[in-house]
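Numbering (this note's numbering), first residue to last: 4 to 452.
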């Protein structure tokens, strides 16, 4: 799953605009008769995200000016990708020429034969060799390249420094273990007035997503290394659920309202009523701009447990019907929009700062070598958030195992949602039976491929 969307403050859905509803999004027609190559692309910010929309449109305009032989038609909606409609769009021929994907989509899109093979063209992408190899590998299947990574994230622990101080905790020493987190949550909840020490998701597949992150933090895994068997019915899996159960029912540090999703938890944190929750750095500007939080109060620590953390992210793949000319044009567009250090939609930090967008959040680095050095230099020169609040996250991540989401992630998360929600809503939930049942269901999902 993507944590919240773009590096700034929104997410958009890959669907056809109304004007094109009667035709396929993936044009299949490169408009060569006019002398131009036409490409459709998705994940444009919605009109409600005025600043980001303006940036996106500016960057398309500058790209078309530099490449007068290419016409870019962008589609927007919310969010960038809906798992419920994604496969239907692919199968129905409705996908754009250049389309947004989660990291976890890559192999699936290839397996159902809906992705163009970019291998003959990828070296024309100037930035490709500068992108982290670990991220490039996500879109490489059987030695062939089918997509280009655009952003990444890793999970950590967001916490409220002000509540830590009120509860007698040291805000400069966030919890490093789950035992420490439990103790801190209990003290914060003890402040009363509806304050919650720790909150977690347990609906809309988000509970399964967080269960996976917490399992990684304990050194466990969701599926076996060969991707064929579930590995949730383990001591590490039980430890995750037992900890949630004890905080919810023994300590009363998670509040009485459960079946929460990301918006609920963000609202609690932004209003100053929540001490801690798991998230990626891109939650922070949403907490400030939309939920009433303050940058100075919000800090980020690495995942408790010290073993691992979940990483995810997104990129673009190409419609299998795209012509060679459209593929080449799309790669040029990706370079211009997202993959030029210190420039473009995600990298123009000076423009972002000028428009009061956050600069300096600790996103995982996309580039390597000189490209990374340039990107970091420009970011640091334009930082406008309290970067010291995130240093523990950056330092702690150095020793963690960075683990991608499991195969068939959304289906597995749906199964694990039921496990987490049962533990948080039923005091007498049978953890062993829940894990046994979930393991069988996940095995069935993996067997179907």
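All C-beta atoms in this analysis are idealised placements derived from N, C-alpha and C, irrespective of residue type, glycine included.
Source: prediction; values computed, not measured.
Per DSSP, the beta-bridge partners of residue 105 are 317. CA-to-CA, the gap between residue 369 and residue 178 works out to about 28 Å. Assignment of beta strand (DSSP E) within the region 377 to 427, counting only whole runs of 3 or more residues, yields 404 to 407 in chain order. Residue 39 is positioned such that its CB atom lies no closer than 8 Å to that of residue 62. The beta carbon of residue 387 sits closer than 6 Å to the beta carbons of 356, 362 from its chain, once the five residues preceding and following it are set aside; these are given in chain order.
If only uninterrupted alpha helix (DSSP H) runs of at least 4 residues are considered, those enclosed by the region 250 to 277 are 265 to 273. By the C-beta criterion, the region 292 to 299 is judged not to be in contact with the region 119 to 129, since fewer than 3 inter-stretch pairs fall below 8 Å. Cβ contact annotation for residue 340 (same chain, cutoff 6 Å, sequence separation greater than five): 62, 347, 348, in chain order. For the set 93, 272, 47, the Cα lying nearest the Cα of residue 76 is the one of 47. In this structure, 335 is the residue among 243, 430, 335 with its C-alpha nearest to the C-alpha of residue 130. Along the region 144 to 176, the alpha helix (DSSP H) occurs as fully enclosed runs of 4 or more residues at 164 to 169, listed in sequence order. The beta carbon of residue 213 sits closer than 7 Å to those of 203, 204, 281, all from its chain and outside the five residues before and after it, given in chain order. Residue state for residue 322 is assigned as strand, using DSSP reduced to three classes. Rounded to whole angstroms, the gap between the alpha carbons of residue 372 and residue 406 is 23 Å. Between residue 312 and residue 320, the beta carbon gap of about 25 Å keeps them out of contact (Cβ cut-off 8 Å). The Cβ neighbour count for residue 399, taken over all protein chains shown within 10 Å, is at least 16; the residue is labelled buried.
By the Cβ neighbour-count rule, residue 238 is exposed, with fewer than 16 other Cβ atoms within 10 Å of its own. Here the C-alpha atom of residue 124 lies approximately 47 Å from the C-alpha atom of residue 242. Scanning 164, 240, 396 for the CA closest to the CA of residue 422 turns up 240. Bounds of the alpha helix (DSSP H) holding residue 288 are 286 to 292. Here residue 185 has 250 as same chain residues with Cβ atoms under 6 Å from its own Cβ, once five neighbours each way along the sequence are excluded. Residue 217 counts as buried, since no fewer than 16 other beta carbons sit within 10 angstroms of its beta carbon. In terms of Cβ geometry, residue 448 and residue 235 do not form a close pair [threshold 8 Å]. Distances from the alpha-carbon of residue 279 to those of 208, 201, 83 put 201 closest. With a 10 Å radius around the Cβ and a threshold of 16 neighbouring Cβ atoms, residue 55 comes out buried. A Cβ-Cβ separation of about 6 Å places residue 343 in contact with residue 350 under the 8 Å criterion. For residue 279, the three-state secondary structure derived from DSSP is strand. Inclusion of residue 366 and residue 156 in the CB contact set at 8 Å is warranted, their separation being smaller than that value. A straight-line Cα-Cα distance of about 29 Å links residue 263 and residue 111. Every alpha helix (DSSP H) stretch that sits fully inside the region 55 to 127 and reaches 4 residues is listed by chain position as 86 to 94, 109 to 114. For residue 238, the enclosing alpha helix (DSSP H) covers residues 238 to 248. Assigned with DSSP and collapsed to three states, residue 303 falls in strand.
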